[in-house]
Every structure is written in C-alpha cells, then in structure tokens.
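> The numbering of the sequence shown is the working numbering, which starts it at 564 and goes up by one.
Using N, Cα and C, we set each Cβ at its ideal position, and we do this for glycine too.
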Amino acid sequence: MTSRRDVLRHLTLAGLVLPFASTRLASAAAPHRPARRRVGQLRITILSTMLADEGIGEWGFGALVEVDGRRLLFDTGAHDDVVARNARELKVSLDTVPEVVLSHFHADHTSGLVALRRDVAPRQPMALARAHVAEGIFAPRVRDGDPTDYNEMNRVRPQYEAAGGAFVVHGAPTQIHPGVWLTGPVPRRNPERNWSVGARPTRVQRGGQLAEDTVPDDMAMIVDTDQGLVVLTGCGHAGVVNIIEYAREVVRPAPVHALIGGIHLFNASEQTLAWTEQKLRGFGVRHLIGAHCTGVETVYRFRQSLGLDRAHCVVGAVRQVFDLATGIRAGVIAR
Ligand SMILES: [Zn+2]
Ligand SMILES: [Zn+2]
564 MTSRRDVLRH LTLAGLVLPF ASTRLASAAA PHRPARRRVG QLRITILSTM
614 LADEGIGEWG FGALVEVDGR RLLFDTGAHD DVVARNAREL KVSLDTVPEV
664 VLSHFHADHT SGLVALRRDV APRQPMALAR AHVAEGIFAP RVRDGDPTDY
714 NEMNRVRPQY EAAGGAFVVH GAPTQIHPGV WLTGPVPRRN PERNWSVGAR
764 PTRVQRGGQL AEDTVPDDMA MIVDTDQGLV VLTGCGHAGV VNIIEYAREV
814 VRPAPVHALI GGIHLFNASE QTLAWTEQKL RGFGVRHLIG AHCTGVETVY
864 RFRQSLGLDR AHCVVGAVRQ VFDLATGIRA GVIAR
C-alpha cells in the first residue's frame, strides 16, 4: 500500500529528472521511486562560521559536503566573499561543485550565492548552477511600520538566474541523491521558536496575509549512513528537535550519528536548553559540531549533558572537518 507521504516523496523526487532551466517546484510526476540507499563516504568541511583556524570568521554559515563522490555547498556565508576566500585558503575548489543548498532566506546564509556563481561560471558553466531551497524562501518579509520587502532573496533571485543559476524549490522532503535528503519545510510540532525576535517584529506574507515570520522555509540536510543520520543545519530555526523528529520520520528512525551546523540556541532560556538537551539525549547524538548561532555556552553544556567528550563535541570553526570514517577533526582553536 502506498501512503500519502510515500506519494509526496515520490512526486518530489521527480524534480531531479527534469532538466533544470528556471525556478520550479519539484513536484511533477516521477517514473519510479528510487531505492533507499545509505551513503558510504561523507566529509563535511566548514567554510563559514564565527571562529576560524585559517581564513576568516563571520556571523554566518557555509560548509562543503562531499558524499559518495558528489560535492554540494550548504549555505554561502554572510559576506559575498568569505566562503570564496576561505575555500581558496583551504585549497578547496568550488569549480567542481554543481549544487548549492540554501538552508533558509537569512542573508548570513545566502549572501555569497551570486558572487560565488559569477566567480566559477566562466571556468565551469555547470558549477554552483543549481540551488536547492524550501518553499517560502522568496515570500516577502516586512518589519513592523515599514512596508518594504527586506527579503534579500528577492534581489538575489534575478541576479542568480541572470548568472545562469536555477532554483529548485522543495515543498516536501526529497532524496536529492541516494541517501542524501532535504527536509523541505519542517512541521513545527514542538513550540521551539528558535529564532531571534528583534525590536521590530518581522512578518512574512503567506496566502495573501501577513503572519509572524517563523522562517517557514528553514530546511536541513539529512544524510543516511550505516552509523545513523547525519543532520546538517544552517540556523535550525525550525527547532533542532522538530528537525530531528521529522528526519527520523521521513528518512529512518535511526540514532543521530552527527549533528552539525547552527542550531540557534545562543540566546535560549534555561528551560529551553534543559528541554532540548533531554530530547537530544533521546536521539543518541554521538557527534556535535555546534557552529554559528548554536552558542559557545550551549555547546559546552551539551557536551556534558549528552555524555560527549572533546573528540566528539566542539564549537564549529572554519577548516573543521567531520568525516564519517574518522569523526571530527577539530582544528586548533576548538581542540
Ligand atoms: Zn537564520
Ligand atoms: Zn544564521
């Protein structure tokens, strides 16, 4: 019997077999459902976060994902040149990276996209030419008292497309490569509310109405391995528990072998941190690289409460590597 979710998954996979030309929703009919596979090789290298062993740090996130011979860039940093500069410094070529994943619309994850594409395109026309995003990323955003759309993605979009790039919009979980999943928008079953509320509340346009901006486009990458799930987040605004619960439902109810990226808990209350760590313990998290908006204090607290040690739980830094075979290479500052 085919469940509704199976149908959805089946439909969203179709986007991959269509030629990519312009922005589209990955939801046409698929010829068949690809087999579920687990990946054998996975290496994640951090290219943008606050701390840096080499290169420069910034409030933002970006990482190179190398998985079973494929290369993807997950987020593109806060300044238009930091990921490019750090990649050069680390001798990481982005010329052979065809795909980008943008975790959500915030500029500290998306600002490098156009400059990176313009940089690689003359040498490699297919490099960084396809950007996976979740539904809602282009929704207009306004601040209270100002009707101007401040969503930079609506300025990035025409520039990226003019540079030969194309967006693939995911409205549901999608296995973009064998064992490599994007969650699409994550249901908010637990009221985690892991985003910053500024002095002027922000609103998003949804269905012709202005609603509270819960960052509905927040999306994570899930890699299915024999050791368990590897979860990569940008800011984790959907809530790290919501993300992991959804990943375990959609991909496989396996332990979390590694949790890597920003999980926006730097300003969380004591109560939120206590609730989150108790949930994370239940998911059997074995490695944690708490980068970007996770919060330094949060990382050290979680190291203790999750029963991890210095080899398995570190503050994220540029040049750090997580490798499925060898674990975390912490680098100098986070050692
Ligand atoms: Zn964010
Ligand atoms: Zn961020």
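#1: Taking 8 angstroms as the cut-off, is the C-beta of aspartate 780 nearer than that to any heavy atom in ligand 2?
#2: For the alpha helix (DSSP H) holding histidine 672, just list the boundary residues, first then last.
#3: Should glutamate 755 be labelled buried (16 or more other beta-carbon atoms within 10 Å of its own) or exposed?
#4: Could you tell me the distance, in whole angstroms, from the CA atom of glycine 858 to the CA atom of glycine 620?
#5: Using a Cβ distance threshold of 8 angstroms, determine whether the stretch 732-748 contacts the stretch 688-706, with at least three qualifying pairs required.
#6: For glutamine 738, which three-state DSSP category applies?
#7: What three-state label does DSSP hand arginine 681 in the structure shown?
#8: What residue does the alpha helix (DSSP H) around tryptophan 744 start on, and which one ends it?
#9: Grouping DSSP H, G and I as helix and E and B as strand, with all else coil, what is alanine 591?
#10: Got a sec, what are the start and stop residues for the beta strand (DSSP E) leucine 636 sits in?
#11: Within 10 angstroms of its Cβ, does arginine 720 collect 16 or more other Cβ (buried), or is it exposed?
#12: Just to confirm my understanding: we take glutamate 775, look at its own chain, exclude 5 residues before and 5 after, and list those with CB closer than 6 angstroms. What are they?
#13: Report whether the distance from the Cβ of histidine 800 to the nearest heavy atom of ligand 1 is below 8 angstroms.
#14: Does the Cβ of glycine 879 lie closer than 8 angstroms to at least one heavy atom of ligand 1?
#15: Exposed or buried, what is valine 660 when buried is set at 16 or more other beta-carbons lying within 10 Å of its beta-carbon?
#16: Quickly, what does DSSP pair histidine 800 with across the bridge? List them, please.
#17: Quick check: the Cα distance between serine 590 and arginine 599, rounded to an integer number of angstroms?
#18: Which term fits alanine 831, buried or exposed, when burial requires 16 or more other beta carbons within 10 angstroms of its beta carbon?
#19: For glycine 894, I'd like the list of residues in its chain whose CB is within less than 7 angstroms of its CB, leaving aside the five on either flank, ordered along the chain.
The structure says:
#1: Outside the cutoff, so no.
#2: Counted as a single uninterrupted DSSP element, the alpha helix (DSSP H) harbouring histidine 672 occupies residues 670-673.
#3: The residue is buried, with at least 16 neighbouring Cβ atoms inside 10 Å.
#4: For glycine 858 and glycine 620, the distance between alpha carbons rounds to 15 angstroms.
#5: Under the Cβ criterion (8 angstroms, minimum of three pairs), the stretch 732-748 counts as touching the stretch 688-706.
#6: If DSSP states are grouped into helix, strand and coil, glutamine 738 belongs with the strands.
#7: Secondary structure at arginine 681: helix, using DSSP grouped into helix, strand and coil.
#8: Not the alpha helix (DSSP H): tryptophan 744 falls in the beta strand (DSSP E), residues 743-745.
#9: With a pLDDT of only 43 at alanine 591, under 50, the local geometry of the prediction cannot be trusted, and the value read off the model is given with reservation. For alanine 591, the three-state secondary structure derived from DSSP is coil.
#10: Note, leucine 636: beta strand (DSSP E), 633-637.
#11: Buried, by the Cβ-count rule.
#12: Exclusion of the five residues before and after glutamate 775 leaves no residue of its chain whose Cβ lies closer than 6 angstroms to its Cβ.
#13: Yes, ligand 1 has a heavy atom inside 8 angstroms of this Cβ.
#14: Not a single heavy atom of ligand 1 lies less than 8 angstroms from the C-beta of glycine 879.
#15: Buried, by the Cβ-count rule.
#16: Its beta-bridge partners do not exist; DSSP assigns none.
#17: Caution is warranted here: a pLDDT of 47 is assigned to serine 590, below 50, making its placement in the model unreliable, and the coordinate value is therefore given only provisionally. Here the C-alpha atom of serine 590 lies approximately 19 angstroms from the C-alpha atom of arginine 599.
#18: Classification for alanine 831: buried.
#19: Correct list, in chain order: Asp616, Ala880, Arg882, Gln883.
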